[in-house]
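Colleague: This is the structure I have questions about; it appears just below.
Number of protein chains: 2
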Amino acid sequence: MGEKAARPLRADAERSVRAILEAAERVLSADPGASMEQIAAAAGVARTTIHRRFAHRQALIDALALSAARQLAAAVDDGRPDTAPPLVALHRITANVLEVKGAWAFALGVPADPESEAAALHEEIGRTCITVLERARADRLIAETADLLWARRVYYALLGETLHGNTDDADPDTLAARIVDTLLHGFGPRG
Amino acid sequence: MGEKAARPLRADAERSVRAILEAAERVLSADPGASMEQIAAAAGVARTTIHRRFAHRQALIDALALSAARQLAAAVDDGRPDTAPPLVALHRITANVLEVKGAWAFALGVPADPESEAAALHEEIGRTCITVLERARADRLIAETADLLWARRVYYALLGETLHGNTDDADPDTLAARIVDTLLHGFGPRG
DNA sequence: CCTAAACGCAACAGAGTTGATGCAGTTAAG
DNA sequence: CTTAACTGCATCAACTCTGTTGCGTTTAGG
């Protein structure tokens, strides 16, 4: 389910596909309504070349969303959500996700077709996130009474907000530390 | 600066303008690239009528953004940010803003021209927000060491996140309470 | 080296959007 | 009541975007 293994693309063709996807991310994140022409120009490619690989505009966007979802899933997995100590996992995952989400902001914001592989990946990532929060709660890092679904939404929002005002230190680890700290303690005085 | 007081519109014309602005919010929040035709249909008005009041598409969007910014500013002011006890002001402002932002999500998300009156309003709102946070800090509700600029961004993000998953209780006061609580304490165990 | 894949370029039709105009009918307001 | 404002409707030109096709050229890969 997903990509057809039809014929392995020639090396130069594969490079073109990558260039197109990366250009699409750049252009569409600046203007979601940008034309195929603009994307092609940014990719250093003729517009017809895009249509050769992606029949419809939507097909390009779907491919973009899928590619980004896979990278995000890999970033989460790299944080060892099931085995590392919860606080360590939380920090690593946060730093990883910040990098991926910074590079693929548009692609990850596309409303995914519920049937798509991308949607399935996002669902699994969401479940993994809850798992980490549960493990953190078991370690008394999170209150017993906390609403984990709300906690996850807040966590997502903190990630998104951190990426918007990007004139920061830009060190992913520093930013991740701030996110985790805010998530766990808020801004009240420490007791 | 802002609206021309040229001629007071006739009563029915003013109703049309309102209908157009409200329809534009509905339609554009669902699809930012929607056509004038769709907006006109949603407003129960001919497309040419829109063009009579708003020369360009951009003029309509600007007017929409300005209208929403004014309502938002009024919502903040209604919370008595300078005089009410910080916690009360924070709660009231949050509940007010939730309602306004829920009704004008698209209009408030439009990137405002730095020269525009809307941008000035948003800046002033931002300053007011910092003021409330400072007063909260003076009352020991917020840690001395807290970064208020980051706190404000988190506050904005919590507002936005609360509005996305709108299948909630929908009671603004309950939602506001959760936002303020999360902002001040996060999800860690209470001391 | 040789073939098939891949590319750029040019051109095309079809659809959709924008903004403007003229006109005839309706409605608010003095 | 009378006028001026307002509206709907039909129509127009100009533009943009999409998706497709054909052709000559370049390039990867066996």
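If you read the protein sequences in the order shown, they are chains A and B. Taking the numbering used here, I'd label the letters of the first sequence as residues 2 to 192. Taking the numbering used here, I'd label the letters of the second sequence as residues 2 to 192. Note that the Cβ used here is the ideal one computed from N, Cα and C, for glycine as well.
Counting only runs of 4+ residues fully inside the stretch 62 to 141 of chain B, write out the alpha helix (DSSP H) ranges in chain order.
Modeller: 87 to 104, 106 to 110, 118 to 139
Colleague: Applying the 10 Å Cβ sphere with the 16-neighbour rule, what's the burial state of ARG11 (chain A)?
Modeller: Flag for ARG11 (chain A) reads exposed.
Colleague: Given ILE94 (chain A), which residues of its chain have a CB within under 6 Å of its CB, disregarding the five upstream and five downstream residues?
Modeller: VAL77, GLY80
Colleague: Where do the ends of the alpha helix (DSSP H) carrying GLY161 (chain A) lie?
Modeller: 149 to 165
Colleague: Please give the ranges of any beta strand (DSSP E) in the stretch 21 to 62 of chain B, keeping only runs that are unbroken, at least 3 residues long and fully inside the region.
Modeller: Entirely contained in the stretch 21 to 62 of chain B, not one beta strand (DSSP E) run reaches 3 residues.
Colleague: How about ARG191 (chain B) and ALA144 (chain A): do their beta carbons lie closer than 8 Å?
Modeller: yes
Colleague: What's the C-alpha gap between MET2 (chain A) and GLU15 (chain A)?
Modeller: In this prediction, MET2 (chain A) has a pLDDT of 45, which is less than 50 and means its spatial position is unreliable; what the coordinates show is noted afterwards. The straight-line gap from Cα to Cα measures roughly 20 Å.
Colleague: So is ARG136 (chain B) in contact with chain A if we call contact Cβ pairs under 8 Å?
Modeller: No, its Cβ sits nowhere closer than 8 Å to a Cβ of chain A.
Colleague: As a quick exercise: from A:THR175, A:LEU150, A:VAL181, pick the residue whose alpha carbon is nearest that of GLY166 (chain B).
Modeller: A:LEU150
Colleague: When you check each C-beta in the stretch 144 to 155 of chain A against every C-beta of chain B, which residues fall closer than 8 Å?
Modeller: ALA144, GLU145, ALA147, TRP151, ALA152, ARG154, VAL155
Colleague: So, does the CB of PRO82 (chain A) fall closer than 8 Å to a CB anywhere in chain B?
Modeller: no
Colleague: Tell me whether the beta-carbon of LEU160 (chain B) lies closer than 8 Å to the beta-carbon of PHE188 (chain A).
Modeller: Using a Cβ distance threshold of 8 Å, LEU160 (chain B) and PHE188 (chain A) do not count as a contacting pair.
Colleague: Taking Cβ-Cβ distances shorter than 7 Å, what residues in chain A pair up with ALA158 (chain B)?
Modeller: Simply ALA158, LEU159, GLY161, GLU162.
Colleague: Could you check if PRO173 (chain A) belongs to the surroundings of the ligand FMN, using beta carbon to heavy atom distance under 7 Å?
Modeller: Summarising the ligand content, the structure contains no ligands, and the ligand FMN is consequently not present.
Colleague: For the stretch 57 to 76 of chain A against the stretch 100 to 117 of chain A, do three or more pairs of beta-carbon atoms, one drawn from each stretch, fall closer than 8 Å, so that the two count as touching?
Modeller: Because the criterion of three Cβ pairs below 8 Å is met, the stretch 57 to 76 of chain A and the stretch 100 to 117 of chain A touch.
Colleague: On the three-state DSSP scale, how would you describe THR146 (chain B)?
Modeller: coil
Colleague: Suppose you measure from the CA of ILE180 (chain B) to the CA of ALA121 (chain A); what does that come to, to the nearest Å?
Modeller: 30 Å
Colleague: Where does THR163 (chain A) land, buried or exposed, given buried means 16+ other C-beta within 10 angstroms?
Modeller: buried
Colleague: At least one CB of chain B closer than 8 Å to the CB of HIS186 (chain A): is that the case?
Modeller: yes
Colleague: What is the rounded straight-line gap between the Cα of PRO87 (chain A) and the Cα of LEU67 (chain B)?
Modeller: 46 Å
Colleague: Assuming LEU22 (chain A) contacts PHE107 (chain A) under a Cβ cut-off of 8 Å, what Cβ separation, rounded to an integer in Å, is found between them?
Modeller: With 8 Å as the limit, LEU22 (chain A) and PHE107 (chain A) do not qualify as a contact, their Cβ atoms being about 11 Å apart.
Colleague: Give me the Cα-Cα distance between LYS102 (chain A) and LEU91 (chain B), rounded to the nearest whole angstrom.
Modeller: 31 Å
Colleague: Please report the straight-line C-alpha distance between ALA24 (chain A) and ILE51 (chain A), rounded to a whole angstrom.
Modeller: One C-alpha to the other measures close to 11 Å.
Colleague: Helix, strand or coil for ASP13 (chain B) per DSSP?
Modeller: Of the three classes helix, strand and coil, the one that applies to ASP13 (chain B) here is helix, per DSSP.
Colleague: Compute the beta-carbon to beta-carbon distance between GLU116 (chain A) and ALA74 (chain A), rounded to the nearest angstrom, for a pair I have assumed lies under 8 Å.
Modeller: Not a contact, Cβ separation roughly 18 Å.
Colleague: Please classify GLU26 (chain A) as buried or exposed, where buried requires at least 16 neighbouring CB atoms within 10 angstroms.
Modeller: buried
Colleague: Check the C-beta distance from GLU100 (chain A) over to PRO173 (chain A) and give it rounded, since I have them as a contact under 8 Å.
Modeller: 6 Å
Colleague: Would a C-beta distance cut-off of 8 Å place ARG48 (chain B) and ALA56 (chain B) closer than the cut-off?
Modeller: no
Colleague: In angstroms, rounded to a whole number, what distance separates the CA positions of ASP148 (chain A) and ALA178 (chain A)?
Modeller: 22 Å
Colleague: From TRP105 (chain B) to TYR157 (chain B), what distance separates their C-alpha atoms?
Modeller: 15 Å
Colleague: DSSP on ALA178 (chain B), reduced to helix/strand/coil?
Modeller: helix
Colleague: Consult DSSP for PRO173 (chain A) and reduce its assignment to one of helix, strand or coil.
Modeller: PRO173 (chain A) falls in the helix class under three-state DSSP.
Colleague: Could you give the distance in angstroms between the alpha-carbon of ARG71 (chain A) and the alpha-carbon of SER17 (chain A)?
Modeller: ARG71 (chain A) and SER17 (chain A): Cα-Cα distance of roughly 20 Å.
Colleague: Taking C-beta pairs closer than 7 Å, name the residues in chain B that PRO190 (chain A) reaches, listed in chain order.
Modeller: ARG141, ALA144
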